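S.K.: Using this note's numbering, read the sequence shown as starting at 291 and increasing by one per residue. Note that CB positions come from ideal geometry on N, CA and C, so glycine has one too. Bear in mind the structure is a predicted one, so any value in this text is a computation, not a measurement. Got a structure here, written out as structure tokens. Questions coming.
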Amino acid sequence: MTQDRKDLLQGLLDRRWAYHGRVAHEAASALSPLYRDTSDAAKLGLRKCLPTFFSEESDQLLALEEYEDWSRIVFSGMEATAAKKSPGYVWWSMFGSTWPHLRKVAQSLLGQTAASGAAERGFSAYGDIKTRKRNCLSQETTDSLVRLYFNKRSLPTTQLAREFWGAYEVFEPDDVEEET
């Protein structure tokens with residue numbers, strides 16, 4: 291590979307990192323129990339992120355001290371297994387009680403969804419249900435219809451009808467006597 295090609299690729303990587311390597315991303319990589327990034331960039335990201343969570347400088351310093359303590363610990367047993375098999379925010383809720391300041395930051399950063407697909411599906415469902423012809427639906431009714439829309443595959447039809455209609459009697463095909 292020529293030096294020009296290497297420089298071009300390095301430039302692309304640098305620009306990509308500049309785009310993705312935001313403060314919250316760096317802090318999240320520092321607090322991920324699976325990756326536990328201890329690079330200077332990750333520590334700096336965490337340090338820059340702390341004022342968002344703690345207004346008092348003493349709390350920020352405590353969180354940094356907790357990070358130094360946490361980053362030196364070697365996981366074993368359940369902690370190591372959970373770090374590999376569960377999301378980071380779940381790991382922090384199970385094992386993070388020793389570092390309460392750090393736990394608060396980690397659960398917030400690691401609990402964020404990485405994609406907007408679920409929100410987009412929700413907006414689409416609301417758009418399908420509340421149309422121009424059905425624009426007088428109340429918010430409560432629309433919310434109930436959206437819940438039915440998303441849960442219709444997981445519950446039997448009569449159970450869905452009972453959930454939606456509540457106290458109203460639900461007609462079930464089994465209630466009809468057959469004529470002989």
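With C-beta atoms as the reference, is Phe343 less than 8 Å away from Ser398?
M.R.: Yes. Within cutoff.
S.K.: Taking the beta carbon of Gln350 as the centre, do at least 16 other beta carbons fall within 10 Å, making it buried, or is it exposed?
M.R.: With 16 or more other Cβ atoms within 10 Å, it is buried.
S.K.: Note down the Cα distance separating Lys375 from Thr421, rounded to an integer number of angstroms.
M.R.: So the alpha carbons of these two residues sit roughly 42 Å apart.
S.K.: Nearest-angstrom Cα distance between Lys394 and Gly301?
M.R.: Distance between the alpha carbons of Lys394 and Gly301: 36 Å.
S.K.: Give the single residue among Ala317, Ser366, Ser345 and Leu400 whose Cα lies nearest to the Cα of Tyr537.
M.R.: Because the chain spans 291 through 470 in this model, residue 537 falls outside it and cannot be assessed.
S.K.: Use the C-beta contact count for Leu303: other C-beta atoms within 10 angstroms, 16 or more gives buried, fewer gives exposed.
M.R.: Leu303 should be labelled exposed.
S.K.: At a cut-off of 7 Å, would you count Leu352 as near the ligand ADP, judging by its Cβ distance to the nearest heavy atom?
M.R.: By its list of ligands, the structure shown contains no ligand whatsoever, and the ligand ADP lies outside what it can speak to.
S.K.: Buried or exposed, going by whether 16 or more other CB atoms sit within 10 Å of the CB of Thr470?
M.R.: Confidence in Thr470 is poor, its pLDDT being 48 and thus under 50, which makes the residue's placement unreliable; the coordinate value appears in the next sentence. Flag for Thr470 reads exposed.
S.K.: Candidates Leu340, Asp297, Glu430 and Ala415: which alpha carbon is nearest Phe440's?
M.R.: When each option's Cα is compared against that of Phe440, the closest is Ala415.
S.K.: Measure the C-alpha to C-alpha separation of Tyr379 and Ser322 and round it to an integer number of angstroms.
M.R.: Distance between the alpha carbons of Tyr379 and Ser322: 8 Å.
S.K.: How would you label Leu299, buried or exposed, when you count the other beta carbons within 10 angstroms and need 16 or more for buried?
M.R.: It counts as exposed.
S.K.: Measure the Cβ-Cβ separation of Ser361 and Arg326 and say whether it is below 8 Å.
M.R.: Yes; because the gap between Cβ atoms is below 8 Å, this pair is in contact.
S.K.: Check this for me: beta carbons of Val313 and Lys333, under 8 Å apart or not?
M.R.: Result no, Cβ atoms of Val313 and Lys333 do not sit closer than 8 Å.
S.K.: Trp382 and Ala372 - do their beta-carbons sit closer together than 8 Å?
M.R.: Cβ distance not < 8 Å, so Ala372 and Trp382 don't count as in contact.
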